[in-house]
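A.B. asks:
2 protein chains.
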Amino acid sequence: MKAEIISVGTELLLGHTVNTDAAHVARELAAFGIDLEHVQTVGDNAARLEAALREALARSSLVICTGGLGPTEDDLTKETVARVAGRPLMEDAESLARLREYFGTRPMGENQFKQALLPRGAEAFPNSVGTAPGCAVPVAEDKFVLLLPGPPSELLPMLEQSVRPFLGRRTGAVIVSAMIRTFGIGEGAAAERIRDLMQGGNPTAATYATEGEMFVRVTAKAADEAAAQALAAPLVRAVCERLGDVVYGVDVPSLEAVVVRGLAAVGLHLVTAESCTGGLLAKRITDQPGSSAVFETGLVTYANASKVRLLGVPEDMLAAHGAVSPQTAAFMAEGARLRQGGDLGLGITGIAGPDGGTPEKPVGLVYIALSAPDGVWLRVMRPQGRYLGRSWTRRRAASHALDLVRRRLAGLPLEAAYAKDAASVDDEPIPPAF
Amino acid sequence: MKAEIISVGTELLLGHTVNTDAAHVARELAAFGIDLEHVQTVGDNAARLEAALREALARSSLVICTGGLGPTEDDLTKETVARVAGRPLMEDAESLARLREYFGTRPMGENQFKQALLPRGAEAFPNSVGTAPGCAVPVAEDKFVLLLPGPPSELLPMLEQSVRPFLGRRTGAVIVSAMIRTFGIGEGAAAERIRDLMQGGNPTAATYATEGEMFVRVTAKAADEAAAQALAAPLVRAVCERLGDVVYGVDVPSLEAVVVRGLAAVGLHLVTAESCTGGLLAKRITDQPGSSAVFETGLVTYANASKVRLLGVPEDMLAAHGAVSPQTAAFMAEGARLRQGGDLGLGITGIAGPDGGTPEKPVGLVYIALSAPDGVWLRVMRPQGRYLGRSWTRRRAASHALDLVRRRLAGLPLEAAYAKDAASVDDEPIPPAF
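First to last, the protein sequences are chains S and C.
0 is the number of the first residue of the first sequence in numbering that gives the first Met the number 0; add one for each residue after it.
0 is the number of the first residue of the second sequence in numbering that gives the first Met the number 0; add one for each residue after it.
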């Protein structure tokens, strides 16, 4: 089956909005093995949209339009498709009921009612977030135009709830995918380890690098969900085995989510003490709803005086080794745990840059410590190649801290030799006795 | 002048990459007043690219291709354009010299040399970041195809360094723009205030809403930069006057940057005490290089016990009013300032959600306090419509705290009645005597 996307919206042609919708739709089509050969963008202009539609329908059996479904006069995708398909707009009772429910007691303008009109014979796709429903409009034997809303917050649920089942029925296929998430290995090193596993056509495995983490997505297509799951499962297992304990979860939201859940499961409390990350670690932990069960206190001790006062870091030690040292990280983690009454303490100190580096302590150098009743463990981020920026350095340092907790909770060795990072930073564990 | 964009790359059709290039190019065209009516995306396929090119050239006098300029066999944009333009590829001496310089002593493969070939008569656009130069290929009288690299890191400098001057020569114009940034007014209310100022064709003013803030971009076009600046300046002033003291800066990076600079300018230190924002406020402050001059300590007091221990919030007051109350926010800000030795203290407490709300204290309710030697000021974020999520609520609460400091530093009234927020949250100041 061949498909095309037509993105509708003058805001796209002015560059006010980036066309993320096309990528979201494209990924769905690719998962079903549907060939996408053209994407077109046109403005809120009926004549040009009609020309684009006719051109697309001449080439392809599935045309997906995003945008232009709202209540304003600019929104004319539905009217144009109705005309091209020869299917006049009619009131859809269910869509009207949903619209009334959405507005409740608030007044509904004449233009809002327009959203309950669909081309005759179209299959409605309910909008679980906004007001404008989508739909599938039959145009000819085995030829359809899908109308989908432009805002990604409305498009994404509709893709999952309505478009995926629709495509499944047309292709007789169900797609499942699993995301294997790792921390502590670069994309190049990971691809090297699973190269042969990435050659298959169904199921497929592909690597994604993002913000200092590396993911592998496994996707399988089969006649029903159970068969697709059965196809995907062995590849998921194989990828996890090859990558080893850098895998922190499959289909989990984030490293911090795994850490918060892990702490909650065993009833442990974590205290953080941050210098160069300046609150980012605490922020990532408290991004998780329910984090209050495992996190009561975080300290941002940006100045040396704060490290001394709040964490009890010894002044003479600071004078001897400096604020950016494994010793300071260890004292911060210990002080956080002991003075603030936690079960585990984390300390981070480093030079996030872009200024403040010296030949001995360059920009990008960060020490991360985990304190527990039975010892302190350390890691160092040591820049080797190009400095990747303040934001990257801070995020990666916070991830290292979370990963130390993750590994401790999982009973994994904290001194493990980590794979060299593809992103030009060499993150090493340090033996406890520095 | 009419223009079209053709984005080339199979990764776009698979949804692996979002087409940000099209938005970058679209903004450049819009700034020069060039009409963009179509954007097409095709894969790495010569026949479909050629068809798209011929279609675009029939409609428009400027066609801009992004992607497919690299050294691999997939990269065939240049070859295809050369064929359509009837201008065979020839070695460009300057491009070859730049390529040799880029590689230095490293070996250069045969395929790398291919990048120094350009269609005969094309104007080269040097690539300041990567290896593949761009170019402008004349196709007919006053008809051009521009070839630009796909990676945004290469595209963006080339747009600024080569494409903008090229378009300036073709249109006889130079473009300047200014971004007016605000906090405390919604997009709808802002547009209402400046509606007449947004009607002009040159200079133009347009609103942008993003992450709870609202920006106005003013763009002017003239024969040279001084004339463009002279055209833009009165409109920038007029927009700032109409919007009033919700404007926190023109062409500044962020609210936190303005606050950190403002504190540094007068030598004041800030201490933060966060509950529901969980470190986000400290994180945003320390995102700024050099923030150590104004920020020494931040406390994340997520639990009541932490608020009592670290900030001296009275236990009986917590019992009487609850952790989410204007009283607690005020005690947190006071405790932060007095106990941690700052000049100004900020306190934030609220219910970020999605859980934890009650009828009296709903999800989204947040109190924000600023403590100074001469008093305490408070704001409340009170949800009125749809809950916009944990992340939005936290970000907006941190912005309110920063805005309180910004207004104090600027000598603005802290009790000012704020415009109702378009994003369904009513953010009110509270009189100091609650």
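Cβ atoms here follow ideal geometry from the backbone N, Cα and C, with glycine treated the same way.
If the cut is a Cβ gap below 9 Å, which residues of chain S does residue 452/C touch?
C.D. replies: Chain C is shown from 0 up to 433; residue 452/C falls before or after that span and cannot be answered.
A.B. asks: Could you give the residue range of the beta strand (DSSP E) that holds residue 359/S?
C.D. replies: In the first sequence, counting from the first residue as 1, residue 359/S sits at position 360. It is not in any beta strand (DSSP E) - residue 359/S carries neither H nor E in the DSSP assignment.
A.B. asks: In chain order, what residues of the region 125 to 140 of chain S put their CB closer than 9 Å to some CB of chain C?
C.D. replies: Hits within the stretch: zero.
A.B. asks: Candidates 256/C, 56/C, 344/C and 360/C: which alpha carbon is nearest residue 351/C's?
C.D. replies: On the second sequence, residue 351/C is found 352 positions in, with the first residue counted as 1. The candidate whose alpha carbon is nearest that of residue 351/C is 360/C.
A.B. asks: Would residue 432/C pass as an interface residue toward chain S - the criterion being a Cβ-Cβ separation below 7 Å?
C.D. replies: What you label residue 432/C is simply residue 433 of the second sequence in a count that begins at 1. With a pLDDT of only 34 at residue 432/C, under the threshold of 50, the placement of this residue in the model should not be trusted, and no figure is reported.
A.B. asks: Which residue from 390/C, 320/C, 334/C and 29/C puts its Cα closest to that of residue 170/C?
C.D. replies: As a first step, residue 170/C is located in the second sequence; it is residue number 171 there, counting from the start. It is 29/C.
A.B. asks: Taking C-beta to C-beta, are residue 281/S and residue 346/C nearer than 7 Å?
C.D. replies: Taking the first residue of the first sequence as position 1, residue 281/S is located at position 282. Taking the first residue of the second sequence as position 1, residue 346/C is located at position 347. Against a cut-off of 7 Å, the Cβ pair of residue 346/C and residue 281/S comes out as no contact.
A.B. asks: Beta-carbon separation of residue 138/C and residue 84/C under 7 Å?
C.D. replies: Here residue 138/C corresponds to residue number 139 of the second sequence, with the count starting at 1. Here residue 84/C corresponds to residue number 85 of the second sequence, with the count starting at 1. Yes, the Cβ-Cβ distance between residue 138/C and residue 84/C is below 7 Å.
A.B. asks: Quick one, are the C-beta atoms of residue 218/C and residue 203/C less than 7 Å apart?
C.D. replies: Taking the second sequence and counting its residues from 1, the one referred to as residue 218/C is at position 219. Taking the second sequence and counting its residues from 1, the one referred to as residue 203/C is at position 204. The answer is yes: Cβ separation under 7 Å.
A.B. asks: Return the residue from the list 175/S, 372/S and 120/S that minimises the CA-CA distance to residue 224/S.
C.D. replies: Residue numbering aside, residue 224/S sits at position 225 when the first sequence is read from its first letter. Taking only the C-alpha atoms, the option nearest residue 224/S is 175/S.
A.B. asks: State the Cα-Cα distance for the pair residue 56/S and residue 168/S, rounded to the nearest angstrom.
C.D. replies: Here the question's residue 56/S lines up with position 57 in the first sequence. Here the question's residue 168/S lines up with position 169 in the first sequence. Approximately 20 Å, taken between the alpha carbons.
A.B. asks: Could you run through the region 192 to 219 of chain C and flag, in chain order, every residue whose CB is less than 7 Å away from some CB of chain S?
C.D. replies: Within the region 192 to 219 of chain C, no residue qualifies.
A.B. asks: Helix, strand or coil: how does DSSP classify residue 66/C here?
C.D. replies: Residue numbering aside, residue 66/C sits at position 67 when the second sequence is read from its first letter. Here residue 66/C sits in coil by DSSP.
A.B. asks: Can you tell which of 93/C, 48/C and 91/C has its C-alpha closest to the C-alpha of residue 448/C?
C.D. replies: What is shown of chain C runs 0 to 433, which leaves residue 448/C out entirely.
A.B. asks: Is residue 366/S closer than 7 Å to residue 328/S when the C-beta atoms are compared?
C.D. replies: The residue labelled residue 328/S in the question sits at position 329 within the first sequence. The residue labelled residue 366/S in the question sits at position 367 within the first sequence. Against a cut-off of 7 Å, the Cβ pair of residue 366/S and residue 328/S comes out as a contact.
A.B. asks: Taking any Cβ of chain C, which residues in the region 35 to 62 of chain S have a Cβ under 7 Å from it, in chain order?
C.D. replies: Listed in sequence order: 35, 36, 37, 38, 39, 40, 41, 42 and 47.
A.B. asks: Go ahead and pull the three-state DSSP assignment for residue 107/C.
C.D. replies: In the second sequence, the residue the question calls residue 107/C occupies position 108. If DSSP states are grouped into helix, strand and coil, residue 107/C belongs with coil.
A.B. asks: How close, in whole Å, do the beta carbons of residue 310/S and residue 335/S come, if the pair is a contact with beta carbons under 8 Å?
C.D. replies: Counted from its first residue, the first sequence places residue 310/S at position 311. Counted from its first residue, the first sequence places residue 335/S at position 336. The pair is a contact, with the Cβ atoms about 6 Å apart (cut-off 8 Å).
A.B. asks: So, do the region 290 to 299 of chain C and the region 261 to 271 of chain C have three or more beta carbon pairs nearer to each other than 8 Å?
C.D. replies: Contact holds: three or more Cβ-Cβ distances are below 8 Å.
A.B. asks: I'd like to confirm the pairing. Which residues does DSSP put opposite residue 93/C in its beta bridges?
C.D. replies: As a working note, residue 93/C is residue 94 in the second sequence. None; residue 93/C has no bridge partner.
A.B. asks: Return the CA-CA distance between residue 436/S and residue 241/S, expressed in angstroms with no decimal places.
C.D. replies: Absent from the model: residue 436/S. The displayed extent of chain S is 0 to 433, so no value can be given.
A.B. asks: What does DSSP give as the partner residue(s) for residue 391/S in the beta ladder?
C.D. replies: By one-based count along the first sequence, residue 391/S stands at place 392. Beta-bridge pairing links residue 391/S to no other residue.
A.B. asks: Which chain S residues sit within Cβ distance under 7 Å of residue 399/C?
C.D. replies: For the purposes of this step, residue 399/C is taken as residue 400 along the second sequence, with counting starting at 1. The contacting residues do not exist; residue 399/C stays about 16 Å from chain S at best.
A.B. asks: Assuming residue 79/C contacts residue 45/C (C-beta within less than 8 Å), just tell me the rounded distance between them.
C.D. replies: As a working mapping, residue 79/C is identified with position 80 in the second sequence. As a working mapping, residue 45/C is identified with position 46 in the second sequence. Correct: roughly 5 Å between the Cβ atoms.
A.B. asks: So which residues on chain S does residue 294/C lean against when the C-beta distance must stay under 9 Å?
C.D. replies: Along the second sequence, one-based indexing puts residue 294/C at 295. Under the 9 Å cutoff, chain S gives 277, 299, 301 and 302.
A.B. asks: What does a CB cutoff of less than 8 Å around residue 518/S pick up in its chain, not counting 5 residues either side in sequence?
C.D. replies: With chain S covering only 0 through 433, there is no way to say anything about residue 518/S.
A.B. asks: Would you kindly work out how many angstroms separate the C-alpha atoms of residue 177/C and residue 246/C, rounded to a whole number?
C.D. replies: Numbered from its first residue, the second sequence carries residue 177/C at position 178. Numbered from its first residue, the second sequence carries residue 246/C at position 247. Taking the straight line from one Cα to the other gives about 13 Å.
A.B. asks: Quick check on this structure: which residue in 252/S, 386/S and 69/S has the alpha carbon closest to the alpha carbon of residue 43/S?
C.D. replies: Counted from its first residue, the first sequence places residue 43/S at position 44. The residue with the shortest Cα to Cα distance from residue 43/S is 69/S.
A.B. asks: Any C-beta of chain C sitting closer than 7 Å to the C-beta of residue 245/S?
C.D. replies: One-based indexing of the first sequence puts residue 245/S at position 246. False, the Cβ-Cβ gap to chain C never drops below 7 Å.
A.B. asks: Start and end of the beta strand (DSSP E) containing residue 220/C?
C.D. replies: If you number the second sequence from 1, residue 220/C lands on position 221. Here the beta strand (DSSP E) through residue 220/C covers 212 to 221.
A.B. asks: Using a beta-carbon distance below 7 Å, is residue 26/C in contact with chain S?
C.D. replies: Locating residue 26/C in the second sequence gives position 27, counting from the first residue. Chain S contact via Cβ: present.
A.B. asks: Can you have a look at residue 3/S and say buried or exposed, based on whether 16 or more other CB atoms are within 10 angstroms of its CB?
C.D. replies: Taking the first residue of the first sequence as 1, we reach residue 3/S at position 4. By the 10 Å Cβ count, residue 3/S comes out buried.
A.B. asks: Indicate whether at least one CB of chain S lies closer than 7 Å to the CB of residue 343/C.
C.D. replies: Residue numbering aside, residue 343/C sits at position 344 when the second sequence is read from its first letter. No, residue 343/C does not count as interfacial toward chain S.
A.B. asks: Starting from residue 23/C, find everything on chain S with Cβ-Cβ shorter than 8 Å and list it in chain order.
C.D. replies: Translated into the one-based positions of the second sequence, residue 23/C becomes position 24. In chain order: 14.
A.B. asks: Answer with yes or no whether the minimum CB distance from residue 282/S to chain C is below 7 Å.
C.D. replies: Position 283 of the first sequence, counted from the start, is the residue given in the question as residue 282/S. Judged by the 7 Å Cβ criterion, residue 282/S is in contact with chain C.
A.B. asks: For the region 304 to 334 of chain C, which residues have a CB atom closer than 9 Å to at least one CB atom of chain S, in sequence order?
C.D. replies: Result list: 304, 305, 308 and 309.
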